[in-house]
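>
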Amino acid sequence: MGSASRVAIVGVGEVGGAVAYNLTLNSVASELLLVDLDLNVRNAQIEDLCDVSYSTNSSTRVRPATYHEAAQCDLVVITAASKHLLGQTTIDYTSRNTSMIREVMEAMKPFRADTVLLIVANPVDLLTSLAKEMSGLPSSQVIGTGTALDTYRLRGMVASRALVSPSAVDAFVVGRHGEDQVVVWSAATIGAVPIDDVKMLSAIDLSRIELICKHRSNHIILGKGSAPFGIASVAANLCCSVILDKNEMYPVSHFQEDYGCCLSLPTVIGRKGILRSVPLEMSPGENAAVKVSGELLKASVELIQRDWW
Numbered sequence: 001m002g003s004a005s006r007v008a009i010v011g012v013g014e015v016g017g018a019v020a021y022n023l024t025l026n027s028v029a030s031e032l033l034l035v036d037l038d039l040n041v042r043n044a045q046i047e048d049l050c051d052v053s054y055s056t057n058s059s060t061r062v063r064p065a066t067y068h069e070a071a072q073c074d075l076v077v078i079t080a081a082s083k084h085l086l087g088q089t090t091i092d093y094t095s096r097n098t099s100m101i102r103e104v105m106e107a108m109k110p111f112r113a114d115t116v117l118l119i120v121a122n123p124v125d126l127l128t129s130l131a132k133e134m135s136g137l138p139s140s141q142v143i144g145t146g147t148a149l150d151t152y153r154l155r156g157m158v159a160s161r162a163l164v165s166p167s168a169v170d171a172f173v174v175g176r177h178g179e180d181q182v183v184v185w186s187a188a189t190i191g192a193v194p195i196d197d198v199k200m201l202s203a204i205d206l207s208r209i210e211l212i213c214k215h216r217s218n219h220i221i222l223g224k225g226s227a228p229f230g231i232a233s234v235a236a237n238l239c240c241s242v243i244l245d246k247n248e249m250y251p252v253s254h255f256q257e258d259y260g261c262c263l264s265l266p267t268v269i270g271r272k273g274i275l276r277s278v279p280l281e282m283s284p285g286e287n288a289a290v291k292v293s294g295e296l297l298k299a300s301v302e303l304i305q306r307d308w309w
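Here the sequence shown is numbered in UniProt numbering, starting from 1 and rising by one per residue.
(1) Can you list, in chain order, the residues of its chain whose CB lies under 6 angstroms from that of Cys240, leaving out five sequence neighbours each side?
(2) Once DSSP output is grouped into helix, strand and coil, what is the label at Thr79?
(3) Could you check where the alpha helix (DSSP H) with Pro138 kicks off and where it finishes?
(4) Buried or exposed: which applies to Val278, given that a residue is buried once 16 or more other Cβ atoms fall within 10 Å of its Cβ?
(5) With distances taken Cα to Cα, identify the nearest neighbour of Ala65 among Thr98, Val52, Ala107.
(6) Out of Val182, Ile190, Pro123, state which residue places its alpha-carbon closest to the alpha-carbon of Gly156.
(7) By DSSP, does Pro228 sit in helix, in strand, or in coil?
(8) Can you pull the DSSP bridge partners for Ser253?
(9) Which whole runs of the alpha helix (DSSP H) in the UniProt domain "Lactate/malate dehydrogenase C-terminal" (147-303) are 4 residues long or more, in chain order?
(10) Determine the extent of the beta strand (DSSP E) in which Leu33 is found, giving its start and end residues.
(11) Where does Val12 sit, in a helix, a strand or coil, going by DSSP?
(12) Can you check which of these residues, Asp307, Gly294, Val15, is closest to Arg176 by C-alpha distance?
(13) Could you compute how far the alpha carbon of Leu154 sits from the alpha carbon of Ala171?
(14) Enumerate in chain order the residues of its own chain whose CB-to-CB distance from Lys246 is below 7 angstroms, with the five nearest sequence positions on each side excluded.
(15) Straight-line CA distance for Ser140 to Gly178?
(16) From Leu39 to Val19, what does the alpha carbon distance come to, in whole angstroms?
(17) Would you tell me roughly how many angstroms separate the C-alpha atoms of Val124 and Ser253, rounded to the nearest one?
(18) Are the beta-carbon atoms of Leu280 and Val184 separated by less than 8 angstroms?
(19) Considering only their Cβ atoms, is the gap separating Ile101 from Ala71 smaller than 8 angstroms?
(20) Report the residue from Pro138, Gly144, Thr115 whose alpha carbon sits nearest the alpha carbon of residue 311.
(21) Would you kindly work out how many angstroms separate the C-alpha atoms of Ser135 and Val7, rounded to a whole number?
(22) Measuring alpha carbon to alpha carbon, tell me which of Asn57, Met249, Leu23 ends up nearest Leu149.
(23) Since Val52 is in the alpha helix (DSSP H), which residue starts that stretch and which ends it?
(24) Would the beta-carbon of Thr60 fall within 8 angstroms of that of Val120?
(25) Please classify Arg61: does DSSP put it in a helix, a strand, or coil?
(26) Which residues share a DSSP beta bridge with Val7?
(27) From Thr147, Met105, Asp74, Glu133, pick the residue whose C-alpha is nearest to that of Ala113; which is it?
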């Protein structure tokens, strides 16, 4: 556990509740503060999580909090967002969630100077970019989950087909999470062997893996209505890396000077947020794809900012 550490979760529905469960179960922080507009949901989650504490002897104290209290924590996790409903346009979904992130940021400011902000809600790169502008925090302290889950999925699927442990696979998904995300196959290895040299994997296999990875969440949602566990697990891992100052490497969404917005590239994460970027060699085609997604995202951020300000 981090010494006298406090984590706040804003939005404690399915994803936020799953993050809270993980953090409570593993006693990651001294205090876990929950914030939600629906007080019945928030209070029910607190009671449920207290039962977790009792049954596991967790040392994490779970309690309700205001937006202002949350902003004074070591780490604030933003999971508040509307669901992307069947039949709902991407524009409507994006508009609702960008409005929500604006309301949350305004309600929380001012943040403690060393607070780290973790954005989990989607569209994650757009919301992380807006949160970076609105929070007033240094860019290194504003992180989005980005393509971290996509990277875990990719490694798991490659490992399954190559009959190795996922820990033997070194591969990254980068760029903008979603349709534009880029698999850096040119730098991917299995046990230090370039993936192109692994005879068990053909080009067709890799293309199929990339496609399945990109649409995995949609497949899960069609089956059970939501996909909270995977992203909550990733968010909890990132919380641990920050609170426990673990200096672990993740491909997360963070501000890129070259693109003027937040995109996912490998970074080292610790108590101060983004500690440093990790260079990743990409092919010309992969670089070009990341650049295009960055340009599209920057245009979206600027359009929203013009409407707001």
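Glycine is no exception: its CB is placed at the ideal position from the N, C-alpha and C atoms. Predicted, not measured: the structure shown is a model, and the values here were computed from it.
With the structure as the only source:
(1) Here residue 240 refers to the residue found at position 240 when the sequence shown is read from its first residue. Result list for Cys240: Val28, in chain order.
(2) Residue numbering aside, residue 79 sits at position 79 when the sequence shown is read from its first letter. Correct three-state label for Thr79: coil.
(3) Looking up residue 138 in the sequence shown gives position 138. Unbroken run through Pro138: none, as it is neither H nor E.
(4) Translated into positions along the sequence shown, residue 278 becomes position 278. It is exposed - the Cβ of Val278 has fewer than 16 other Cβ atoms within 10 Å.
(5) The residue labelled residue 65 in the question sits at position 65 within the sequence shown. Ranking Thr98, Val52, Ala107 by Cα distance to Ala65 puts Ala107 first.
(6) As a position in the sequence shown, residue 156 is number 156, starting the count at 1. Nearest of Val182, Ile190, Pro123 to Gly156, Cα basis: Ile190.
(7) The residue given as residue 228 occupies position 228 in the sequence shown. Of the three classes helix, strand and coil, the one that applies to Pro228 here is helix, per DSSP.
(8) Looking up residue 253 in the sequence shown gives position 253. Paired residues: Gly144, Ser264.
(9) 148-162, 203-214, 216-224, 228-243
(10) Taking the first residue of the sequence shown as position 1, residue 33 is located at position 33. First-last of the beta strand (DSSP E) with Leu33: 31-35.
(11) The residue given as residue 12 occupies position 12 in the sequence shown. Residue state, collapsed to three classes: coil.
(12) Taking the sequence shown and counting its residues from 1, one reaches residue 176 at position 176. Per the Cα distances, Gly294.
(13) As a first step, residue 154 is located in the sequence shown; it is residue number 154 there, counting from the start. As a first step, residue 171 is located in the sequence shown; it is residue number 171 there, counting from the start. The alpha-carbon atoms of Leu154 and Ala171 are separated by roughly 8 angstroms.
(14) Numbered from its first residue, the sequence shown carries residue 246 at position 246. Excluding sequence neighbours, Lys246 sits near Cys240, Gly270.
(15) Here residue 140 refers to the residue found at position 140 when the sequence shown is read from its first residue. Here residue 178 refers to the residue found at position 178 when the sequence shown is read from its first residue. Spanning the two alpha carbons is a distance of roughly 23 angstroms.
(16) Indexing the sequence shown from 1 puts residue 39 at position 39. Indexing the sequence shown from 1 puts residue 19 at position 19. Looking at the two C-alpha atoms, the distance is approximately 18 angstroms.
(17) One-based indexing of the sequence shown puts residue 124 at position 124. One-based indexing of the sequence shown puts residue 253 at position 253. Using only the alpha carbons, I get a separation of about 8 angstroms.
(18) Within the sequence shown, numbered from 1, the residue matching residue 280 stands at position 280. Within the sequence shown, numbered from 1, the residue matching residue 184 stands at position 184. Contact: yes.
(19) Numbered from its first residue, the sequence shown carries residue 71 at position 71. Numbered from its first residue, the sequence shown carries residue 101 at position 101. Against a cut-off of 8 angstroms, the Cβ pair of Ile101 and Ala71 comes out as no contact.
(20) There is no way to answer for residue 311, as the model of the chain reaches only from 1 to 309.
(21) For this step, residue 135 is matched to residue 135 along the sequence shown. For this step, residue 7 is matched to residue 7 along the sequence shown. Cα-Cα distance, rounded: 17 angstroms.
(22) Within the sequence shown, numbered from 1, the residue matching residue 149 stands at position 149. Nearest C-alpha to Leu149: Met249.
(23) Your numbering for residue 52 matches position 52 in the sequence shown. Val52 -> alpha helix (DSSP H) spans 39-56.
(24) Sequence index remark: in the sequence shown, residue 60 carries index 60 (1-based). Sequence index remark: in the sequence shown, residue 120 carries index 120 (1-based). No, Cβ-Cβ distance for Thr60 and Val120 is not below 8 angstroms.
(25) Numbered from 1 along the sequence shown, position 61 holds the residue referred to as residue 61. Strand at Arg61.
(26) If you number the sequence shown from 1, residue 7 lands on position 7. DSSP output for Val7 lists Leu32, Leu75 as bridge partner(s).
(27) Walking along the sequence shown from the start, residue 113 turns up at place 113. Closest by alpha carbon: Asp74.
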